[in-house]
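**Student:** Attaching a single structure in structure tokens format; questions to follow.
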Amino acid sequence: MKKTLLTLAILSTVAHADEGMWMPQQLPQVAKQLKAAGLKLDPASLTKLTEFPMNAIVSLGGCSASFVSPQGLVATNHHCVYDSVARNSTPERDLLANGFLARTLGDELPASPGSRIYVTKDVANVSDKIITPAVAKLAGKARVDAIEKNMKTMVAECEKDAGHRCTVASYYGGLEFYLIKQLEIRDVRLVHAPPSGVGKFGGDTDNWMWPRHTGDYGFYRAYVSKDGKAADYAKDNVPYAPKSYLKIAREGVKEGDFIMALGYPGSTNRHRLPSEVAFTFDWNYPAFVKSSAEALAIIASETKNNEDTKLKYAGRVASINNYYKNRKGLLTSYEGSDILARKTREHADMKAWVNASPARQKEYAADIEQVEKLIAQRDAEFKRDYYLTMSAPRLLTTARRLYRLANENVKPNAERKSGYQERDLPAIKAAVTALDRTYDEKVDKALVLNNLKKYAAQPKAERNANFDAAMGVADGMSEAQLKAVLDKMVGGSKLGSAAASGEWIGKTPADFKASSDSFIQAAVAMYDAGLKSEAEDEELAGKIQQAYANYMKAKIAYMTSKGQAVYPDANGTLRVTFGKIAGRDHGADGTGSWTAFTTVKGVVAKATGEGEFNAPAAQLAAIKAKDFGKYVDPKLKTVPVDYLATLDITGGNSGSAALNSKGELIGLAFDGTLDSIISDWDFNKANTRDIQVDVRYILWNMKHVDKADNLLKEMNVE
Numbered sequence: 000m001k002k003t004l005l006t007l008a009i010l011s012t013v014a015h016a017d018e019g020m021w022m023p024q025q026l027p028q029v030a031k032q033l034k035a036a037g038l039k040l041d042p043a044s045l046t047k048l049t050e051f052p053m054n055a056i057v058s059l060g061g062c063s064a065s066f067v068s069p070q071g072l073v074a075t076n077h078h079c080v081y082d083s084v085a086r087n088s089t090p091e092r093d094l095l096a097n098g099f100l101a102r103t104l105g106d107e108l109p110a111s112p113g114s115r116i117y118v119t120k121d122v123a124n125v126s127d128k129i130i131t132p133a134v135a136k137l138a139g140k141a142r143v144d145a146i147e148k149n150m151k152t153m154v155a156e157c158e159k160d161a162g163h164r165c166t167v168a169s170y171y172g173g174l175e176f177y178l179i180k181q182l183e184i185r186d187v188r189l190v191h192a193p194p195s196g197v198g199k200f201g202g203d204t205d206n207w208m209w210p211r212h213t214g215d216y217g218f219y220r221a222y223v224s225k226d227g228k229a230a231d232y233a234k235d236n237v238p239y240a241p242k243s244y245l246k247i248a249r250e251g252v253k254e255g256d257f258i259m260a261l262g263y264p265g266s267t268n269r270h271r272l273p274s275e276v277a278f279t280f281d282w283n284y285p286a287f288v289k290s291s292a293e294a295l296a297i298i299a300s301e302t303k304n305n306e307d308t309k310l311k312y313a314g315r316v317a318s319i320n321n322y323y324k325n326r327k328g329l330l331t332s333y334e335g336s337d338i339l340a341r342k343t344r345e346h347a348d349m350k351a352w353v354n355a356s357p358a359r360q361k362e363y364a365a366d367i368e369q370v371e372k373l374i375a376q377r378d379a380e381f382k383r384d385y386y387l388t389m390s391a392p393r394l395l396t397t398a399r400r401l402y403r404l405a406n407e408n409v410k411p412n413a414e415r416k417s418g419y420q421e422r423d424l425p426a427i428k429a430a431v432t433a434l435d436r437t438y439d440e441k442v443d444k445a446l447v448l449n450n451l452k453k454y455a456a457q458p459k460a461e462r463n464a465n466f467d468a469a470m471g472v473a474d475g476m477s478e479a480q481l482k483a484v485l486d487k488m489v490g491g492s493k494l495g496s497a498a499a500s501g502e503w504i505g506k507t508p509a510d511f512k513a514s515s516d517s518f519i520q521a522a523v524a525m526y527d528a529g530l531k532s533e534a535e536d537e538e539l540a541g542k543i544q545q546a547y548a549n550y551m552k553a554k555i556a557y558m559t560s561k562g563q564a565v566y567p568d569a570n571g572t573l574r575v576t577f578g579k580i581a582g583r584d585h586g587a588d589g590t591g592s593w594t595a596f597t598t599v600k601g602v603v604a605k606a607t608g609e610g611e612f613n614a615p616a617a618q619l620a621a622i623k624a625k626d627f628g629k630y631v632d633p634k635l636k637t638v639p640v641d642y643l644a645t646l647d648i649t650g651g652n653s654g655s656a657a658l659n660s661k662g663e664l665i666g667l668a669f670d671g672t673l674d675s676i677i678s679d680w681d682f683n684k685a686n687t688r689d690i691q692v693d694v695r696y697i698l699w700n701m702k703h704v705d706k707a708d709n710l711l712k713e714m715n716v717e
């Protein structure tokens, strides 16, 4: 294995067994910790992405999942299949409320448009091919353009292997780059989801809380063509046959047991500058919380008497609620803490270490100073444009994307902007297709108007003249005038349906310029100024990438000199985290204790028969009758529901396979506790706990409540 800065740093460090989102290729360096923690597999086997168990772990492009049968059955969280359930629901057939079970392959339903299952095939360090000696001499937009060109060339070569999706992921702020090759399965079907009274039991009230009693599980199936190739949805496609799949653990778990989670964590921020921490917690997160609360209230009000519209926005509401509570929890944990003071002190100590050596000072000092100035500029621009980004009607955003596509299509594919190449067309089409089940004119106008009022109230110098001219926003406009502007724009467009918007895919720039559609006209009018603004953003981004990468190089060298572990922040790529099943000595308020497990007794205690605690009657009856079968925990004397562990996870890990020491499935990670989510920024070994749904609860519901015997047989459980 090539010795990069990453591996060299780890060779000299010792990490806590339950801290770190490790890249698979790093695991040999923490093999001793893995074995000491209880792993019975060879740690080296976890570096082999095409062998068990790693080749059973997949990404859904936002959630994690795993193959659990030889016929492409995929297990993940209920909230990860939620949008697919919602889009297949109608007021007459409410699958969200009642759940869904396909008893045969023919009963399975298409997942949400654009749904994907990504199977990782290879990961390779390509840092020297992205930041070549020639690129290293560039700055600003020229640097961004050169990096993008190298990435596109590499991706295009990789994707010559049809049916695969390749990406180049950045680590350590652009210090290292890895090429990731994944099989892109495009025919994804919904197989099973329990009723919301199980899969979302506790709803937003219990979200990020403990004790928890949520059955957060659901199943997809991956389909391919008859010759085994990735293919679009077709009735004669067949289930994908994975090389390996996870076997369900025959023995239940207990407190103190080894556990590891394999998945795709989205992002963490443990290497951020103190100024980034301050801006995030002093301005960005408070603004986000306020905006989210307003959005939730508006959607609730506008969909109050319309069940179909409620279903259209169910997925968006669930997503907003999740991040809303997350950010509130982060702010609560941050308030009164010493995080900023400690990060500031650590940063100052690092700079002192750099300045203590003429060689280090020459190599790092200028970029550390530069990156702090550049980040301050970026944050100021983000703050200025905060309401602008939320003031664009969805149909304007759609029109601008479609017009950009038309302009990019004029160029050779290799020269098109990333996001508008031939490989990106399915995602664009899926976004357009989604309009019919995710867009409502009345709701969108109410959301936009709420933000447009705040944007329009900003001084003219802080507003975007390009947006103002296209939309007709002027100084001193009242709410009624802004509403009239919005009504006129929406009334003059036909883009509100998937069919109407879809007709613009493939049209020429001249077609757009000849259109009388209000949003198409606005998109055309905003195009040139939009390109100029994009170029300015890229100029800043290129400067930041150059300085940030060297700042991270300095930080890695400094941390390594102190014997501290250096693992990369999460960036949506495959990671392994390990620890043990464990409760906590005290609750969030410093009193009491958190037991490691919850049980179905808690479901009964919480069940009210309505709202977020509406457990299905069939489930409550089975609990009352103690119809538990073989899923009783010998110590708990009943069926376990969820359990706590010391795993280091974050958003994106949802649906991650929780495995025991033998690599058997023991549950699905789905959440963290509110007072430990600050670990995204500042890992706290004592407090950090994540939450898994116990596989025994999943199987018990499937057997004794939903009668999903076909799936249990397929997973070799029955």
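Numbering-wise (numbering that gives the first Met the number 0), the sequence shown opens with residue 0 and increments by one.
Here a beta-carbon is modelled for each residue, glycine too, at the ideal position from N, C-alpha and C.
It should be emphasised that the depicted structure is a prediction, and the values quoted were computed from it without experimental measurement.
(1) Tell me the start and end of each unbroken beta strand (DSSP E) in the stretch 218 to 294 that is at least 3 residues and wholly inside, in chain order.
(2) Spatial neighbours of Ser114 within its chain, please: C-beta separation below 6 Å, excluding the five flanking residues on both sides.
(3) Can you say whether Ala358 is buried or exposed, counting buried as having 16 or more other CB atoms within 10 angstroms of its CB?
(4) For the structure I just gave you, are there three or more beta carbon pairs, one from the stretch 91 to 99 and one from the stretch 691 to 700, closer than 8 Å?
(5) Name the residue from Cys165, Ser83, His78, Thr204 whose alpha carbon lies nearest to the alpha carbon of Glu611.
(6) Along the chain, where does the alpha helix (DSSP H) that runs through Leu387 open and close?
(7) How many angstroms separate the CA atom of Asp443 from the CA atom of Leu395?
(8) Starting from the Cα of Ala138, find the closest Cα among Tyr171, Glu535, Asn406 and give me that residue.
(9) Tell me which residue opens and which closes the alpha helix (DSSP H) that Gly671 is part of.
(10) How many angstroms separate the CA atom of Asp215 from the CA atom of Tyr438?
(11) Need the endpoints of the beta strand (DSSP E) that Gly601 sits in, please.
(12) Can you tell me whether DSSP reads Glu183 as helix, strand or coil?
(13) Where does Lys702 sit, in a helix, a strand or coil, going by DSSP?
(14) The alpha helix (DSSP H) that contains Phe577, what's its start and end?
(15) Which partner residues of Glu538 appear in the DSSP bridge assignment?
(16) Cutting at 7 Å between CB atoms, please list the residues of its own chain near Gly98, excluding the five before and the five after it.
(17) How many whole angstroms separate the CB atoms of Thr594 and Ile179, which I take to be in contact at a CB cut-off of 8 Å?
(18) Taking the alpha carbon of Gly196 as the reference point, which residue from Asp679, Tyr81, Tyr333 has its own alpha carbon closest?
(19) Is the beta carbon of Tyr312 sitting closer than 8 Å to the one on Val67?
(20) In the DSSP assignment, find the unbroken alpha helix (DSSP H) run with Phe466 in it and report its ends.
(21) Using CA coordinates, which residue listed in Thr645, Ala30, Ala294, Lys629 is at the minimum distance from Phe257?
(22) Any idea which residues DSSP pairs Arg164 with across the strands?
(23) Per DSSP, what are the beta-bridge partners of Thr204 in this structure?
(24) Distance, Cα to Cα, Ala630 vs Lys712?
(25) Tell me, which residues are paired with Ala192 by DSSP?
(26) Over the uninterrupted alpha helix (DSSP H) stretch that includes Lys141, give me the two end residues.
(27) Along the chain, where does the alpha helix (DSSP H) that runs through Asp693 open and close?
(28) Check whether the stretch 144 to 151 touches the stretch 107 to 121, counting contact only when three or more Cβ pairs, one atom from each stretch, lie closer than 8 Å.
(29) From Arg220 to Leu401, what does the alpha carbon distance come to, in whole angstroms?
(30) What separation, rounded to the nearest whole angstrom, lies between the Cα atoms of Arg142 and Val565?
(31) Out of Ile622, Glu421, Pro458, Asn549, which one is the CA nearest neighbour of Val603?
(32) Quick check on Leu5: buried or exposed, where buried means 16 or more other Cβ atoms within 10 Å of its Cβ?
(33) Closer than 8 Å by C-beta to Ser274: which residues in its own chain qualify, once you throw out the five before and the five after it? Chain order, please.
(34) Does Phe682 come out as helix, strand or coil in the three-state DSSP assignment?
(35) Taking the beta carbon of Gly654 as the centre, do at least 16 other beta carbons fall within 10 Å, making it buried, or is it exposed?
(36) Among the candidates Ala524, Leu48, Leu104, whose CA atom is the shortest distance from the CA of Asn718?
**Tutor:** In short:
(1) You should have 257 to 262.
(2) Val187
(3) exposed
(4) no
(5) Thr204
(6) 385 to 389
(7) C-alpha separation (whole angstroms): 11 Å.
(8) Glu535
(9) Here Gly671 belongs to no alpha helix (DSSP H); instead the beta strand (DSSP E) covers 664 to 671.
(10) 26 Å
(11) Looking at the DSSP string, Gly601 is not in any beta strand (DSSP E); the run it does join, the alpha helix (DSSP H), is 599 to 605.
(12) strand
(13) helix
(14) Segment 574 to 579 is the beta strand (DSSP E) holding Phe577; no alpha helix (DSSP H) there.
(15) In DSSP, Glu538 forms no bridge with anything.
(16) Ala192, Pro193, Pro194, Asp705
(17) The pair is not a contact, with the Cβ atoms about 39 Å apart (cut-off 8 Å).
(18) The shortest C-alpha separation from Gly196 is found at Tyr81.
(19) no
(20) 464 to 470
(21) Thr645
(22) BP columns for Arg164 point to Gln181.
(23) Thr204 pairs with nothing; no bridge assigned.
(24) First, the amino acid is wrong: residue 630 is Tyr here, not Ala. The alpha-carbon atoms of Tyr630 and Lys712 are separated by roughly 16 Å.
(25) Per DSSP, the beta bridge partners of Ala192 are Phe99.
(26) Just to set this straight, residue 141 is Ala in the shown sequence, not Lys. Where Ala141 is concerned, the enclosing alpha helix (DSSP H) starts and stops at 139 to 157.
(27) Careful: Asp693 lies outside any alpha helix (DSSP H), inside the beta strand (DSSP E) at 689 to 693.
(28) no
(29) 31 Å
(30) 27 Å
(31) It is Ile622 whose Cα lies nearest to the Cα of Val603.
(32) Reliability fails at Leu5, whose pLDDT of 47 lies under 50, so the model's placement of it is uncertain and the value that follows must be treated cautiously. Burial call: buried.
(33) Glu371, Ile374, Ala375, Asp378
(34) It is coil, neither helix nor strand.
(35) buried
(36) Because the chain is modelled from 0 through 717, residue 718 falls outside the range shown and cannot be assessed.
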